[in-house]
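Novice:
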Amino acid sequence: MNTEYDVIVVGGRPSGATLAARLGMQGLRVLLVERATMPSPPGASMPIIYASTMALLDEIGAPEAAYARNTPRVRRMVNAMPEMQMAVYLPESRGRNYAYAVDRARFDGALFAHSGTISGVTAVDNTSFIDFLREDGRIVGAVLQPAGGERQSVRAALVVGADGRFSAVARKAGASERDARDEHPTSLLYAYWKNVQPYDDLGGVAVAYGEGAGIGYLLMDSADGTTAVGIEGRAALLEPPAGKVEAFYLELLHQIPAIRARLQGAEMVTDVRGMRKIGNLYRQPGGEGWALVGDAYHQKDPIDGQGVYDAVFTAKLLARAIAKWQAGLSWDEALAWYDEAARAETYPMYRATLDRVQSSLYSQIPEWFTRLASRTLFKWLIEDPNTQTQLGQMLVREISPTEVMSPPLVVGALLKGPLRDLSNFLDRQIRA
Ligand SMILES: Cc1cc2nc3c(=O)[nH]c(=O)nc-3n(C[C@H](O)[C@H](O)[C@H](O)COP(=O)(O)OP(=O)(O)OC[C@H]3O[C@@H](n4cnc5c(N)ncnc54)[C@H](O)[C@@H]3O)c2cc1C
Numbered sequence: 001m002n003t004e005y006d007v008i009v010v011g012g013r014p015s016g017a018t019l020a021a022r023l024g025m026q027g028l029r030v031l032l033v034e035r036a037t038m039p040s041p042p043g044a045s046m047p048i049i050y051a052s053t054m055a056l057l058d059e060i061g062a063p064e065a066a067y068a069r070n071t072p073r074v075r076r077m078v079n080a081m082p083e084m085q086m087a088v089y090l091p092e093s094r095g096r097n098y099a100y101a102v103d104r105a106r107f108d109g110a111l112f113a114h115s116g117t118i119s120g121v122t123a124v125d126n127t128s129f130i131d132f133l134r135e136d137g138r139i140v141g142a143v144l145q146p147a148g149g150e151r152q153s154v155r156a157a158l159v160v161g162a163d164g165r166f167s168a169v170a171r172k173a174g175a176s177e178r179d180a181r182d183e184h185p186t187s188l189l190y191a192y193w194k195n196v197q198p199y200d201d202l203g204g205v206a207v208a209y210g211e212g213a214g215i216g217y218l219l220m221d222s223a224d225g226t227t228a229v230g231i232e233g234r235a236a237l238l239e240p241p242a243g244k245v246e247a248f249y250l251e252l253l254h255q256i257p258a259i260r261a262r263l264q265g266a267e268m269v270t271d272v273r274g275m276r277k278i279g280n281l282y283r284q285p286g287g288e289g290w291a292l293v294g295d296a297y298h299q300k301d302p303i304d305g306q307g308v309y310d311a312v313f314t315a316k317l318l319a320r321a322i323a324k325w326q327a328g329l330s331w332d333e334a335l336a337w338y339d340e341a342a343r344a345e346t347y348p349m350y351r352a353t354l355d356r357v358q359s360s361l362y363s364q365i366p367e368w369f370t371r372l373a374s375r376t377l378f379k380w381l382i383e384d385p386n387t388q389t390q391l392g393q394m395l396v397r398e399i400s401p402t403e404v405m406s407p408p409l410v411v412g413a414l415l416k417g418p419l420r421d422l423s424n425f426l427d428r429q430i431r432a
């Protein structure tokens, strides 16, 4: 790798900034280029990050005090259904029992700035990847366009696309797509608010509301006293009339009494942002002279909030694959290793996420069943401590989604439910 840079990384948010940091720590010369001015929010994202993500950030020394500055710790995920509430407490994982609903401008800005402090990494914002630099048909670097400046040709042994869902690197490389799924398309609208009524007085929380009508709502305590207020639903139900996005968003929020109550006296402090028909796919991991990471490599519906984890995890794997390549493995073998390891970690979650989109937003459950289930079977199931522990462990990637809700667990929970109800009833009788 005796060119100007060893690696050019295109895209300076979770996957690109953490990949650049890891490669710098491996002793490589890295150019990290980001089209936007940093810090700034990404195109669309209203994210929650878990202990699993923070543990990966610890590995590169990214400072929690900076990326989560003035951001409350979220310890509970609450599902506030019309007839009952279910709270999952995040389990202790890798030394943390909390998540953050981060301000993405702050989070991404801190990661970008941190990568620039690592020896060997040059981090440049306001600079776009335009195309590969080729010689005799081979990729030997990238053509870059600084905002308001002259185009530059920069040489490197490898160009990595960490440039998100609509990756220009993938497009220019002609990357093929795999496992694309669009049979249950969803869209998302969100904004940040101030002075939202707290859910309760027990501290940071993310609360999901919804009545099973193809649309779900999420309110999360976020940075600087703000609350992220999002709506995800079937794409056909989230089609705001042209020029009326905000009115459409507010009208949907207004329809849910519990949300209406929480927003009384609150003020929206950002524009309404979002994404239509969110894509679900994998792309080819790379080829001669290029590779993809993060959303550019694998993207999915945000309903489970796992995109940032997958972005920083695939960055870790790609850094390892590059180290293997440097150590003598052929690039094809290193890429194959990367793809296999990345899919082993992300594919079960991908399947679970797609299933959850279908069951949460696309299944037609008759109302009488919901009522019956919410009073008895479902209540017994979700109040079971084992079920709750497993759901929490899945969110922080301690266990695979395939292990959650196994038949023995479900049967056990359903058998214990009536006993729990009986014991609660007897407790109340004794106290009375
Ligand atoms: C509505 C929504 C809600 C979400 N909620 C969650 C959540 O709760 N939890 C979670 O973990 N994930 C969530 N995600 C997913 C998460 O946002 C992504 O998985 C994550 O941002 C991917 O990181 P990345 O670095 O790969 O790409 P991105 O964050 O998309 O960054 C790509 C960067 O590349 C830059 N770029 C693009 N083209 C070029 C170019 N030609 N030259 C230079 N730079 C370029 C862009 O400016 C951008 O900064 C959500 C996503 C959406 C859309």
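Going by our numbering, 94 is the number at position 94 of the sequence shown; the sequence numbering is gapless. Positions of the beta carbon are idealized from the N, C-alpha and C atoms, including for glycine.
1. From Phe313 to Ala342, what does the alpha carbon distance come to, in whole angstroms?
2. Does the pairing of the stretch 119-126 with the stretch 29-40 give three or more beta-carbon distances under 8 angstroms?
3. Starting from Ile130 and walking both ways along the beta strand (DSSP E), at which residues does that stretch end?
4. Just to confirm, is the Cβ distance from Ala180 to Asn70 under 8 angstroms?
5. Run through DSSP, which three-state label would Gln85 get?
6. Spell out the partners DSSP gives Lys194 in its beta bridges.
7. With distance defined between alpha-carbon atoms, name the residue in Ala157, Ile130, Ile139 and Val160 nearest to Pro146.
8. Per DSSP, Met437 forms a beta bridge with which residues?
9. Got a sec? Which residues, its chain only, sit under 6 angstroms from Arg76 by beta carbon, not counting five neighbours each side?
10. Okay, do the stretch 183-190 and the stretch 227-238 touch, 3+ Cβ pairs below 8 angstroms being the bar?
11. If you drop the 5 nearest sequence neighbours on each side, which residues of the same chain put their C-beta closer than 7 angstroms to that of Tyr209?
12. Check whether the Cβ of Arg283 sits closer than 7 angstroms to any heavy atom of ligand 1, and report yes or no.
13. Could you work out which residue in Thr346, Ala170 and Gly164 is closest to Leu395 when comparing CA atoms only?
14. Which whole-angstrom value describes the C-beta separation of Arg397 and Ser167, a residue pair presumed to lie in contact below a C-beta threshold of 8 angstroms?
15. In or out: Arg106 buried (at least 16 other Cβ within 10 Å) or exposed?
16. Ligand 1 heavy atoms versus the CB of Met275: any closer than 7 angstroms?
17. Using 10 angstroms around the beta-carbon of Ser330, count the other beta-carbons present and answer buried if the total reaches 16, otherwise exposed.
18. Measuring straight from C-alpha to C-alpha, what distance separates Met268 and Asp182?
19. May I ask you to report which of helix, strand or coil DSSP gives Val9?
20. Start and end of the beta strand (DSSP E) containing Tyr217?
21. Nearest to Phe112 by alpha carbon, out of Ser15, Asp301 and Val7?
22. Is the beta carbon of Gln358 within less than 7 angstroms of some heavy atom of ligand 1?
23. Please state if the CB of Gly214 and the CB of Arg234 are separated by a distance shorter than 8 angstroms.
24. Apart from the five residues just before and just after Ala66, which ones in its own chain have a Cβ nearer than 6 angstroms to its Cβ?
25. Please report the distance separating the alpha-carbon of Gly24 from that of Gly265.
26. Taking only heavy atoms of ligand 3 into account, decide whether any of them is closer than 7 angstroms to the Cβ of Val33.
27. Buried or exposed, going by whether 16 or more other CB atoms sit within 10 Å of the CB of Ser423?
28. What did DSSP end up calling Phe313 once you bin it into helix, strand or coil?
29. Let me know the secondary structure DSSP gives Pro146 once reduced to three states.
30. Does the beta-carbon of Ile430 have 16 or more other beta-carbons within 10 angstroms, so that it is buried, or is it exposed?
31. Can you tell which of Ala44, Met38 and Leu144 has the C-alpha that lies nearest to the C-alpha of Asp108?
32. Identify every residue that forms a DSSP beta bridge with Thr122.
33. Buried or exposed: where does Asn386 fall if 16 or more other Cβ atoms within 10 Å of its Cβ makes it buried?
34. Out of Ala99, Arg94 and Leu56, which one is the CA nearest neighbour of Gly305?
35. What number of angstroms, rounded off, separates the C-alpha of Gly274 from the C-alpha of Gly287?
36. Just to confirm the assignment, what range does the beta strand (DSSP E) spanning Leu292 have?
Specialist: Result, derived from the coordinates:
1. 8 angstroms
2. yes
3. Thr127 to Glu135
4. no
5. strand
6. Thr226 and Glu267
7. Ile130
8. As displayed, the chain neither begins before 1 nor continues past 432, which places residue 437 out of reach and without an answer.
9. Ala87, Tyr89 and Val205
10. yes
11. Ala80, Tyr217, Ile256, Ala258 and Ile259
12. no
13. Thr346
14. About 24 angstroms separates the two Cβ atoms, so there is no contact after all.
15. buried
16. yes
17. exposed
18. 32 angstroms
19. strand
20. Ile215 to Asp221
21. Ser15
22. no
23. yes
24. Ala110
25. 48 angstroms
26. Ligand 3 is absent from the structure shown, which contains only ligand 1.
27. exposed
28. helix
29. strand
30. exposed
31. Met38
32. Leu31
33. exposed
34. Ala99
35. 32 angstroms
36. Trp290 to Leu292
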